[in-house]
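Quick notes on the structure that follows.
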Amino acid sequence: MINIKSASEIAKMKTAGRITGEALKLAGESIRPGMSTKELDTIIHDYIVSCGATPSFLGYGGFTGSACISINEEVIHGIPGKRKILDGDIVSVDVGAYIDGFHGDSARTFVVGKIPSEVEELLKVTEEALFRGIEKAVAGNRIGDISHAIEEHVRKYNFGIVKEYIGHGVGRDLHEEPEVPNYGKSGHGPRLYPGMVIAIEPMINLKGDGVRTLKDGWTVVTKSGTASAHFEHTIAITNDKPIILTKVD
Ligand code: MG
Ligand code: MG
99 MINIKSASEI AKMKTAGRIT GEALKLAGES IRPGMSTKEL DTIIHDYIVS
149 CGATPSFLGY GGFTGSACIS INEEVIHGIP GKRKILDGDI VSVDVGAYID
199 GFHGDSARTF VVGKIPSEVE ELLKVTEEAL FRGIEKAVAG NRIGDISHAI
249 EEHVRKYNFG IVKEYIGHGV GRDLHEEPEV PNYGKSGHGP RLYPGMVIAI
299 EPMINLKGDG VRTLKDGWTV VTKSGTASAH FEHTIAITND KPIILTKVD
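The sequence shown begins at 99 in our numbering and counts up one residue at a time.
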């Protein structure tokens, strides 16, 4: 069942989304070579808690971090720990904040120092693909219109699209219906109605669609061993343009 949120629920989700976006922004401002992923996680954790919210991911399925921090060939679900962030890394940070009964969910891949131009392009195209999807998130369209817009943009560059992990509804639960794949056919899938809130989150690989999970049971990496990027926003469908709940200036 797809939950339609009332205006007052959307207002609460704006608060959850804002705290999520602010925590992610702070992560980007704080990240530096030599820092461990655990140190970065602590900054995110402390900010969320200082806002009176709870990190959505902490304890989720036994996850031990407040954010997922995934470096280079790590796609998603990297566990914060001793690993040091190095000059030349890309670092995908995925954050969720829960407050007043609702979650926000947002991710961004940050650049540390100088990276190869093909990886720069990967990040640019992944973020563009997210916004191509968001443009299609309007009432009357279908989920497949979002999925197709993302896929169409990414395929132009021959990057790989992760199929095993996808976007999702967001609300009282971190993961709700509907599923929001990053590939698909226009005109297919559930219809979009005002009050639906979804996370759109392309996970795009430099080479090949394939991924595998490391022995830690969490960290998803590219099969090719090449870089992967992840950009995500939680958005609300309205009678007009979508509202990006996790966007902060
Ligand atoms: Mg996320
Ligand atoms: Mg998500």
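Virtual Cβ for every residue (Gly too), placed ideally from N, Cα, C.
Secondary structure at aspartate 192: strand, using DSSP grouped into helix, strand and coil.
Its chain contains Asp185 and Gly186 as the residues whose beta carbon lies nearer than 6 Å to that of glycine 211, once the 5 sequence neighbours on both sides are disregarded; these appear in chain order.
With contacts defined by Cβ atoms closer than 8 Å, glycine 199 and lysine 110 form a contacting pair. Put simply, the backbone Cα of glutamate 225 is about 10 Å away from that of histidine 331. Secondary structure note for valine 147: its alpha helix (DSSP H) is the uninterrupted segment 135-148. One Cα belongs to valine 217, the other to leucine 304, and the distance between them is close to 7 Å.
Per the C-alpha coordinates, the member of Ile302, Thr344 and Ala125 positioned closest to lysine 254 is Ile302. For the beta strand (DSSP E) assignment, the uninterrupted runs of no fewer than 3 residues enclosed by the region 198-256 are, from N- to C-terminal side, 200-209. For glycine 160, the secondary structure class from DSSP, reduced to helix, strand or coil, is helix.
Across the set Tyr263, Glu219 and Leu138, the C-alpha of Leu138 shows the shortest separation from the C-alpha of serine 164. With distances taken between CA atoms, histidine 251 lies nearest to Leu228 out of Met133, Leu228 and Asn239. When the five nearest sequence neighbours on each side are left out, the beta carbons in the same chain lying within less than 7 Å of the beta carbon of glutamate 277 are those of Ile264 and His266, in order along the chain. Distance from the C-beta of glutamate 330 to the nearest heavy atom of ligand 2 is below 7 Å. Ranking Gly293, His175, Gly150 and Gly238 by CA distance to the CA of threonine 113 puts Gly150 first. Its Cα nearest to that of leucine 272, the residue Ile298 stands out among Ile248, Ile259, Ile298 and Lys283. Set against 7 Å, the gap from the CB of glutamate 299 to the closest heavy atom of ligand 2 is smaller. In this structure, aspartate 271 has its beta carbon at no less than 7 Å from each heavy atom of ligand 2. Cβ-Cβ distances below 7 Å link arginine 230 to Ala247, Ile248 and His251 in the same chain, with the five nearest sequence neighbours on each side left out; the list follows chain order. Listed in chain order, the beta strand (DSSP E) elements of length 3 or more contained wholly in the region 266-325 are 274-278, 295-298, 301-303, 309-311 and 318-320.
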